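Residue 126 is where the sequence shown starts when you use the numbering used here, and the numbers rise one by one after that.
What follows is a set of notes on a single structure, which appears directly below.
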Amino acid sequence: MSHTQTIRPPVGERVRLADYNPDYHGAFASKAEAEERLQAARDRLRELQSVLYAEHRHALLIVLQAMDAGGKDGTIRHVMRGVNPQGVRVTSFKTPTPEELDHDFLWRIHPHVPGKGMIGIFNRSHYEDVLIVRVEQLVPRAVWEARYDHINHFERLLADSGVTIVKFFLHISKEEQKKRFLARLHEPDKRWKFSKGDLAVREKWDDYMRAYEDALTRCNTPWAPWHIVPADRKWYRNLVIAETLVETLEGLNMRYPEPEAGLDDIVIPD
Ligand code: ATP
Ligand code: MG
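See the structure below:
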């Protein structure tokens with residue numbers, strides 16, 4: 126897929142989100158135009174997941190981060206549709222429990238890292254600990270400052286252990302968030318998703334963007350790269366993510382395990 130607007134910020138370069146248009150949609154004029162490509166990517170993803178599972182050599186960790194209404198749930202629903210549920214586990218990270226807070230911030234994360242053969246999806250993640258925690262000043266500055274390094278080392282450990290990590294920031298505009306909040310308020314089947322607390326977070330939009338820019342800059346490593354996904358158009362977001370996952374898995378050069386010898390002569394008894 127060729128992008129005029131890059132989705133993969135170069136490692137080591139400072140990310141400025143103003144340089145990334147959330148409404149970017151490549152060469153496609155409409156959802157309908159992109160549909161075939163999305164379907165093809167989904168089909169390929171299903172095949173690749175099947176080999177990943179059978180080969181049992183790699184794990185894939187997908188990290189999804191976004192502002193509220195940024196489309197994390199929709200991404201999982203639309204992109205992973207068709208993939209064998211047995212091979213995928215989604216973990217949503219909420220406000221930490223008192224027990225979790227009694228430990229280091231990665232303690233609750235580590236058990237949910239996918240094992241060999243599995244795809245793990247983090248709906249929010251350890252990045253909350255340098256996002257909401259930083260903006261809301263839930264810990265002293267020195268504590269969250271140290272976490273960028275902790276995260277890079279943690280992700281390095283995972284990568285060295287056979288986990289391929291792909292991180293997506295679903296980049297929506299403040300205007301698009303407003304539209305989606307209004308939809309949540311006005312459509313009966315979306316209302317349950319509206320939380321008044323989300324408005325307090327929206328008020329600090331600029332602080333969050335700064336915190337995101339730092340996470341996207343400081344934790345953008347060769348072993349766990351960030352992708353900045355234009356996400357105002359859901360269909361383009363889905364396409365970018367689906368194709369990125371396909372590309373990532375294809376890069377692993379996976380193969381089905383060799384079957385046992387002598388299968389050609391097998392007769393199944395009645
Ligand atoms: P939806 O988009 O459907 O509302 P959500 O991911 O926002 O889903 P919620 O239950 O609404 O789920 O919110 C979870 C909340 O937990 C978020 O506000 C998030 O910032 C917060 N959270 C997650 N991890 C941490 C953390 N480590 N410290 C503090 N807050 C956290
Ligand atoms: Mg929420």
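Note that the Cβ used here is the ideal one computed from N, Cα and C, for glycine as well.
Every value quoted in this text rests on a predicted model; they were computed, and no experiment measured them.
Where residue i falls, given that 16 or more other Cβ within 10 Å makes a residue buried
i, result
"residue 210", "exposed"
"residue 178", "buried"
"residue 391", "exposed"
"residue 269", "buried"
"residue 310", "exposed"
"residue 387", "exposed"
"residue 289", "buried"
"residue 252", "buried"
"residue 262", "exposed"
"residue 150", "buried"
"residue 254", "buried"
"residue 347", "exposed"
"residue 174", "buried"
"residue 239", "buried"
"residue 245", "buried"
"residue 166", "buried"
Selected residue, minimal CA-CA separation from residue i, among the options
i, options, result
"residue 260", "216, 281, 335", "335"
"residue 194", "316, 243, 376", "316"
"residue 359", "199, 186, 231, 329", "199"
"residue 137", "350, 391, 220, 324", "350"
"residue 402", "322, 395, 328", "The structure shown does not extend to residue 402, since the chain spans only 126 to 395, so no value can be given for it."
"residue 248", "225, 218, 264", "218"
"residue 172", "294, 346, 372, 389", "372"
"residue 295", "130, 237, 147", "147"
"residue 380", "176, 389, 286", "176"
"residue 169", "377, 389, 370", "370"
"residue 318", "325, 326, 308, 327", "308"
"residue 234", "277, 283, 250", "250"
Length of the line joining the Cα atoms of residue i and residue j
i, j, result
"residue 140", "residue 274", "17 Å"
"residue 343", "residue 267", "16 Å"
"residue 212", "residue 197", "19 Å"
"residue 227", "residue 365", "38 Å"
"residue 361", "residue 158", "10 Å"
"residue 320", "residue 163", "31 Å"
"residue 300", "residue 375", "36 Å"
"residue 222", "residue 206", "31 Å"
"residue 256", "residue 188", "14 Å"
"residue 126", "residue 368", "Residue placement at residue 126 cannot be trusted, given a pLDDT of 42 that sits under 50; the coordinates are not used to answer."
"residue 280", "residue 204", "24 Å"
"residue 394", "residue 293", "51 Å"
"residue 134", "residue 357", "19 Å"
"residue 258", "residue 384", "50 Å"
"residue 180", "residue 156", "35 Å"
"residue 153", "residue 190", "25 Å"
"residue 329", "residue 382", "51 Å"
"residue 332", "residue 208", "37 Å"
"residue 232", "residue 224", "10 Å"
"residue 265", "residue 337", "18 Å"
"residue 202", "residue 192", "18 Å"
Distance cut-off 8 Å: residue i Cβ against heavy atoms of the ligand MG
i, result
"residue 321", "no"
"residue 339", "no"
"residue 106", "A question about residue 106 goes unanswered here, because the residues of the chain that appear run from 126 up to 395."
"residue 193", "yes"
Proximity test, residue i beta-carbon vs the ligand ATP heavy atom, cut-off 8 Å
i, result
"residue 222", "no"
"residue 272", "no"
"residue 276", "no"
"residue 217", "yes"
"residue 281", "no"
"residue 230", "yes"
"residue 241", "no"
"residue 249", "yes"
"residue 332", "no"
"residue 257", "yes"
"residue 314", "no"
"residue 326", "yes"
"residue 301", "no"
Any chain D beta carbon closer than 9 Å to residue i
i, result
"residue 315", "Note that chain D does not occur in the displayed structure, where there is just one protein chain."
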